[in-house]
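K.L.:
I am attaching a structure below and will ask some questions about it afterwards.
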Amino acid sequence: MMILVGLCLTFVHVVFVGIYFYLTRYHKYWDKRGVVTAQPVSILGTYPGLLLNKTRSFILEVQDVYDKYKNDHRAVGTFITRQPQLLILDPVLAHEILVDKFSHFRDTITSSFVSHNSDDKYVERSPFFSAGDKWKQRRTEGAGGLTPNRLKQAFTIWEKSGQKLVEYIERAIKEKGDIIETKDLAYRFTAATMGDFIWSIDAGSLSGKVGEIGIFQKTSSDWTVHAFSSMIRFNKSLVAPFVRKLCGMRFFTKESDKFFLKLTEDMVNFRQENFGEDREDYLSHLIQLQKRGNSIHDSVGHALTVYLDGYETSGALLYHMLYSLSENREEQEKLRSEILDVLPTEGTISYEQLNALPYLDQCFNESLRLTTPIGFFMRICTKPIQIDLGNEKKVDLEPGITVLIPAYQYHHDEDLYPEASGFRPERFENGAASLLNKRGCFLPFGDGPRICLGMRVGQLTVKMAIFHILSNYQVEQTKKVPMGADTGLGIFLNGDVELKYTKLQK
Ligand code: HEM
189 MMILVGLCLT FVHVVFVGIY FYLTRYHKYW DKRGVVTAQP VSILGTYPGL LLNKTRSFIL
249 EVQDVYDKYK NDHRAVGTFI TRQPQLLILD PVLAHEILVD KFSHFRDTIT SSFVSHNSDD
309 KYVERSPFFS AGDKWKQRRT EGAGGLTPNR LKQAFTIWEK SGQKLVEYIE RAIKEKGDII
369 ETKDLAYRFT AATMGDFIWS IDAGSLSGKV GEIGIFQKTS SDWTVHAFSS MIRFNKSLVA
429 PFVRKLCGMR FFTKESDKFF LKLTEDMVNF RQENFGEDRE DYLSHLIQLQ KRGNSIHDSV
489 GHALTVYLDG YETSGALLYH MLYSLSENRE EQEKLRSEIL DVLPTEGTIS YEQLNALPYL
549 DQCFNESLRL TTPIGFFMRI CTKPIQIDLG NEKKVDLEPG ITVLIPAYQY HHDEDLYPEA
609 SGFRPERFEN GAASLLNKRG CFLPFGDGPR ICLGMRVGQL TVKMAIFHIL SNYQVEQTKK
669 VPMGADTGLG IFLNGDVELK YTKLQK
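Residue numbers (our numbering): 189 to 694.
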C-alpha cells in the first residue's frame, strides 16, 4: 500500500514538474537577450487574465504593463501564456512594424488559429484568418468587391436602409414608446444593410414586426456570438496550440455554415436566372469571381468575411457612437446642424456629400478612438529583423516571435489624447486623423498592407445610420451603462443601451 501511495505521489509530482517546466520553459527568453521583461511574470505568463478572463480582461492586463513601462521603453518583453512576445509601447515603432517593415511581420496570430480544422472551411477563407500567399490572394479577391466605385454604385442600398431605419423607429415609438434599446436597433440596421449588399435579400430586421427577430437575424446573432467566444477560446489555446486539433476546435458552427451556404447558393442562382449582373453589389462581385474559377465555398467565405464585421463590428461602433452623442448633447446639436444644412428637400444625400461632412467624420473618428472595436493586433515575425529599442539597445527578432500592438492603449493614453475618456470630436479637426495615424497613435482600422479591408464599408454604414437618425430625432440618454463586456478583441458597453428618441419638429 505504502509503495502504491509513494508511486502515486511521485507520479503527481512528475506531472506537476512537467507542467511547470512546459509553462515556464521560455520565461528567460528576454533576459537572455538583454530586453527588459515586464514584471510580474506568473506561471501563466504576463497576462493570466487571458486564461482566466472571468476575473480580468486581457485588455486591462495589457493596460497595467503599458502604464508601468511606456515612459521609459519603446517595447518590453512579455509572455503570452508561455510564448515570448514583444509589447510595442512606442506608437512610432508600431507604425514601422505595420507599414515600413511589413514584409518582416506579414502574418497575424489569428492566421495561425484555423489551420487545424479543414472542416471549418469558411473562416479559413477570410483574409483576417489567412497567412502568406493565401492571405494575399483572398485579400485581393475580396477587395475587388469593396472599391469606392462599387460602393458608389451600390449607394442606394445604404440610402434605402437609412429610410427603413427611420420607419422602424417611427413604428417602435408608436407601438412600444420612445425608449429604444439601441444595441438591438444598430444590429437591425447592419443586418438589413449587409443582407441587401451581400446577398440581395430583405433581412426583415427593419421591415418585420417591431421587436421580432427573424431567422436571418437570429442566425447572424448566434453566429457572431459563437465567433467572438471562439476568439476568446483560441486566444486561451495559445498555451497549448495542439489542443485545437485534438478537440477539433471550430470558429463557425456547422449549422451557421449550412445556413449561409444555402443562402449564398440560392441567391447566386436567383440572380443568374433573373437579373443578370446589372446590380453592382457584393453578390455580383461573387458571381464574377465564380466565373473566373472560384467555388461556391469561396463565395461563402468572402460573403461571411464582409458580413462578420459589416454586421457585428459596424453595429457595435454604431450603438457606441449613438450612446456618446446622447451623452454629449452639444456635440449632437453641432452634428445635427451640419447634417440639416446639407439635407436637400427630398431627404436624401449622395455618397460624396456623406463623405464630405467634416464634423460627422470627426465624431466618427472620436467614436472609433473611444470604442476601438479591435483593441490590439498580434503580428508574427516572418523574416529576421533587428528592432531598435532606444537607449542604444537593439534586439534581433527571429521568425515565430510575436509582437503585440496595443491600439486600445494608444487611443486611451492621456499623453497622446488629453482628457482621453471624454468625447471630444474637435481633436480630429483639420485632418488630424491621418496625421495621428502616420504617427502610429490612431489605429482604429490598423495600418499597412493588412489595414482593415472593409474600412469604407464600416464608415459608410455607420455614417448613414447617424445621418438618418440625427436628421429625424433627438437622442437622449436614460441611464448610464458601464463599459466592461469583453469580446476577446475589445471592451464594450455592458448592458442594454436604452436611449430616448424624440421626433424633431420640422
Ligand atoms: C467600423 C467597423 C470596423 C472596424 C473598427 C474594423 C477594424 C479592423 C481592424 C483594426 C483590423 C485589423 C487591421 C490590422 O491587423 O492591421 C481589421 C481587419 C480586417 N477587417 Fe475590419 N473593421 C471594421 C469593419 C469592417 C468591415 C465592414 C469589413 C468587411 C467589409 C472588414 C473586414 C476586415 C478584414 C477582412 C480584415 C483583415 C485584413 C487583413 O488581414 O488583410 N472590416 N478591421
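We treat Cβ as the ideally placed atom computed from N, Cα and C, and that holds for glycine.
Is the beta carbon of Gly237 less than 8 Å from the beta carbon of Arg270?
P.N.:
no
K.L.:
In the DSSP assignment, the alpha helix (DSSP H) including Arg567 goes from what residue to what residue?
P.N.:
No alpha helix (DSSP H) holds Arg567; the beta strand (DSSP E) holding it covers 565 to 568.
K.L.:
When the Cα atoms are used, what is the spatial distance from Asp219 to Val663?
P.N.:
54 Å
K.L.:
Contact between the region 258 to 267 and the region 545 to 561 is defined here as three or more beta-carbon pairs at a separation below 8 Å; is this criterion met?
P.N.:
no
K.L.:
Between which two residues does the alpha helix (DSSP H) containing Leu505 stretch?
P.N.:
502 to 515
K.L.:
Indicate the three-state DSSP secondary structure (helix, strand or coil) for Met455 in the structure shown.
P.N.:
Residue state, collapsed to three classes: helix.
K.L.:
Can you name the start and end residues of the alpha helix (DSSP H) that Glu355 belongs to?
P.N.:
Per DSSP, the unbroken alpha helix (DSSP H) holding Glu355 starts and ends at 343 to 364.
K.L.:
With distances taken Cα to Cα, identify the nearest neighbour of Glu614 among Leu592, Thr666, Arg557.
P.N.:
Relative to Glu614, the option among Leu592, Thr666, Arg557 whose CA is nearest is Arg557.
K.L.:
Pull the bridge partners of Ala146 from the DSSP assignment, please.
P.N.:
Nothing can be reported for residue 146: it is not among the residues displayed for the chain, which extend from 189 to 694.
K.L.:
Could you have a look at Ala673 and say whether DSSP puts it in helix, strand or coil?
P.N.:
strand
K.L.:
Looking only at its chain, what residues have a beta carbon closer than 8 Å to the beta carbon of Ile361, apart from the 5 residues adjacent to it on each side?
P.N.:
Ile368, Tyr689, Lys691
K.L.:
Comparing the CB of Ile730 with every heavy atom of the ligand HEM, is any distance shorter than 7 Å?
P.N.:
Residue 730 is absent from the model: the chain starts at 189 and stops at 694.
K.L.:
Helix, strand or coil for Thr590? Go by DSSP, reduced to three states.
P.N.:
strand
K.L.:
Are the beta-carbon atoms belonging to Gly642 and Asp497 less than 8 Å from one another?
P.N.:
yes
K.L.:
In the DSSP assignment, find the unbroken beta strand (DSSP E) run with Lys663 in it and report its ends.
P.N.:
Here the sequence assigns Val to residue 663, which means Lys is not the residue at that position. Run containing Val663: 661 to 665, per the beta strand (DSSP E) assignment.
K.L.:
Starting from Glu329 and walking both ways along the alpha helix (DSSP H), at which residues does that stretch end?
P.N.:
320 to 331
K.L.:
Short check: CB of Pro279 to CB of Cys629, under 8 Å?
P.N.:
yes
K.L.:
Helix or strand or just coil, what does DSSP make of Phe630?
P.N.:
coil
K.L.:
Rounded to the nearest angstrom, what separates Gly330 and Phe316 at their Cα positions?
P.N.:
11 Å
K.L.:
Buried or exposed for Ala428, going by 16 or more other Cβ atoms inside 10 Å?
P.N.:
exposed
K.L.:
Heavy atom of the ligand HEM less than 7 Å from the Cβ of Gly676, yes or no?
P.N.:
no
K.L.:
Apart from the five residues on each side of it in sequence, which residues of its chain come closer than 7 Å, Cβ to Cβ, to Arg644?
P.N.:
Leu334, Pro336, Leu339
K.L.:
Check the DSSP bridge columns for Leu585 and list the partner residues they point to.
P.N.:
DSSP output for Leu585 lists Ile573 as bridge partner(s).
K.L.:
Report the three-state DSSP secondary structure of Thr225 (helix, strand or coil).
P.N.:
strand
K.L.:
If you follow the alpha helix (DSSP H) that Thr212 is in, where does it begin and where does it stop?
P.N.:
190 to 212
K.L.:
Taking Cβ positions, are Ile247 and Gly563 nearer each other than 8 Å?
P.N.:
Cβ distance < 8 Å, so Ile247 and Gly563 count as in contact.
K.L.:
If we count the other Cβ atoms within 10 Å of its Cβ and call it buried at 16 or more, is Gln597 buried or exposed?
P.N.:
buried
K.L.:
In the DSSP output, which residue or residues are listed as bridge partners for Phe680?
P.N.:
Ala673
K.L.:
Taking 7 Å as the limit between beta carbons, can you name the residues of its chain near Ala380, skipping five residues before and five after?
P.N.:
Ser349, Lys352, Ala391, Ser393, Leu394
K.L.:
Going by Cα to Cα distance, which pick from Glu500, Phe680, Leu240, Pro532 is closest to Ala374?
P.N.:
Checked all of Glu500, Phe680, Leu240, Pro532; the closest Cα to Ala374 is Glu500.
K.L.:
In whole angstroms, give me the CA-to-CA distance for Gly396 and Ser299.
P.N.:
38 Å
K.L.:
For the beta strand (DSSP E) containing Leu687, list its first residue and its last residue.
P.N.:
686 to 691
K.L.:
Just to check, is the beta-carbon of Trp323 closer than 7 Å to a non-hydrogen atom of the ligand HEM?
P.N.:
yes
K.L.:
On the premise that Gly489 lies in contact with Ser245, defined as a C-beta separation below 8 Å, what is that separation, rounded to the nearest angstrom?
P.N.:
In this structure, Ser245 and Gly489 do not form a Cβ contact; the two beta carbons are roughly 30 Å apart against a cut-off of 8 Å.
K.L.:
Hey, would you say the C-beta of Ile639 is under 7 Å away from at least one heavy atom of the ligand HEM?
P.N.:
yes
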